[in-house]
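Position 324, counted from 1, in the first sequence is what our numbering calls 324; the numbers after and before it change by one each time, with no gaps.
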Amino acid sequence: MDLASLLLTWYDQNGRSLPWRGSRDPYIIWVSEIIFQQTRIEQGTGYFLRFADRFPTLDSLAGGEEDEVLRLWQGLGYYSRARNLLFTARYIHEHLGGKFPEDFDSMKKLKGIGDYTASCIASICFRQTHAAVDGNVYRVLSRLFADSMSIDTQAGKLHFKKLAQQLISRDRPGDFNEALMDLGATVCKPRSPSCSICPVNSWCQANEKKIQMKFPVKAPTREKSGSVINYLLINAENHIVINKRSGKGIWKGLYELPMIPGELAPVDLAAECLELYGLKVNSLTEIRRVKHLLTHTELDIRFYSAQTNAVNNRTDNNLLSVPIGKIEQYPFAKPLVDFLSSLQEK
DNA sequence: AAGGCGGGGAA
DNA sequence: TTCCCAGCCTT
């Protein structure tokens with residue numbers, strides 16, 4: 001039996017049972033693939049179910065508001081996925097008659113859809129033989145062939161794409177793609193692969209030489225530093241001040257408390273605050289009696305600091321005053337969700 | 001070609 | 001702590 005047949009036989013008996021499996025609706029498959037970019041199944045499944053429940057069709061999504069879409073995405077990360085999803089739904093609705101394109105190259109032209117996602121939709125929904133190569137597939141293939149080509153270079157990606165393209169089943173391209181991914185996720189795992197139960201272990205050159213952990217080959221990883229964010233909780237007359245980020249950096253389009261990045265002494269923080277938001281502060285002890293730029297006269301400002309991973313962008317000055325009771329309808333990034341709920345507990 | 005973009009869970 | 005996950009876009 002050839003490799004594809006072995007994988008498909010294994011998949012039929014051992015494939016994961018997931019909510020979007022079995023659907024051939026390109027919209028549903030599209031949504032699931034976007035959600036699961038760089039996202040584990042366990043983390044994203046709840047998001048998928050809520051999203052598909054609220055926006056069951058492409059037209060319903062096209063009619064949705066960006067804030068609501070982002071709120072459904074809240075906490076998931078990589079928020080550009082959500083913005084692109086909405087943008088492309090509206091684009092298809094308006095310019096393609098609401099019909100998802102069936103042509104692979106047309107799909108790839110859509111914002112947020114790359115080679116992998118187009119391959120998934122084309123193979124699963126339209127039975128086209130396009131190999132979907134994700135992180136799982138790189139690992140499985142590099143081990144199967146003890147292939148030292150680096151997976152994080154242009155040439156390496158193309159190399160494994162061609163390899164997968166040679167192996168893919170012509171009869172069941174979608175199932176083949178999912179089989180390879182399931183194998184990578186449940187058997188050919190990064191740390192401790194379960195080679196003894198692998199359906200293709202007799203084909204695997206890495207297994208034969210017991211060098212599974214040498215694959216996949218990647219370039220050295222880069223350093224990543226954390227940073228401090230100082231959030232300003234400005235509370236006046238049952239309203240809270242929030243800021244909508246509209247720049248180019250992280251958390252674009254999401255709301256946040258006004259913030260000042262960097263590890264700063266309180267007095268410097270007050271000075272920064274003054275400069276950034278035009279708040280009049282004579283001294284740190286006077287901070288509670290500040291006159292502010294909104295319509296309120298009495299303010300209660302507190303500083304909070306939070307440690308995050310790799311945040312390096314400054315907030316935009318785009319302040320809103322919203323009733324505290326309505327704060328939950330705005331989409332926040334995960335650090336703010338945690339922060340606000342920690343305030344709730346006090 | 002390289003870097004940015006989130007957040008979580010496993011080891 | 002580090003790694004890496006159903007990747008894609010911008011520069």
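Just so it is clear, CB atoms sit at the ideal spot from N, CA and C, and this is done for glycine as well.
Asked, Found
"Same chain, Cβ closer than 7 Å to R50, neighbours up to 5 away in sequence not counted", "L72"
"CA-to-CA distance, M149 to S5, given in whole angstroms", "26 Å"
"For W251 and N230, the rounded distance between their alpha carbons", "16 Å"
"Segment limits, alpha helix (DSSP H) that includes M1", "Unbroken run through M1: none, as it is neither H nor E."
"Y231 (DSSP reduced to helix, strand or coil)", "strand"
"Whole-angstrom C-beta distance between D67 and P331, which should lie under 8 Å", "6 Å"
"C-beta contact flag for A146 and F215 at 8 Å", "yes"
"Buried or exposed by the 16-neighbour rule on C-beta atoms within 10 Å, applied to L158", "exposed"
"R143 vs A206 beta-carbon contact at 8 Å", "yes"
"Own chain partners of L254 with C-beta closer than 7 Å, once the 5 adjacent residues on each side are dropped", "L70, Y79, R245, P331, F332, A333"
"Beta-ladder partner(s) of K244, from DSSP", "Y255"
"Where H93 falls: helix, strand or coil (DSSP)", "helix"
"For G135, the first and last residue of its enclosing alpha helix (DSSP H)", "135 to 144"
"Simplified DSSP state of I197, which is helix, strand or coil", "helix"
"Which residues DSSP lists as bridging V322, in chain order", "I240"
"Completely contained beta strand (DSSP E) runs for the stretch 29 to 76, where each covers 3 or more residues", "none"
"CA nearest to the CA of H239, picked from W20, N201, K326, G135", "K326"
"Cβ-Cβ distance between I29 and F48 below 8 Å", "no"
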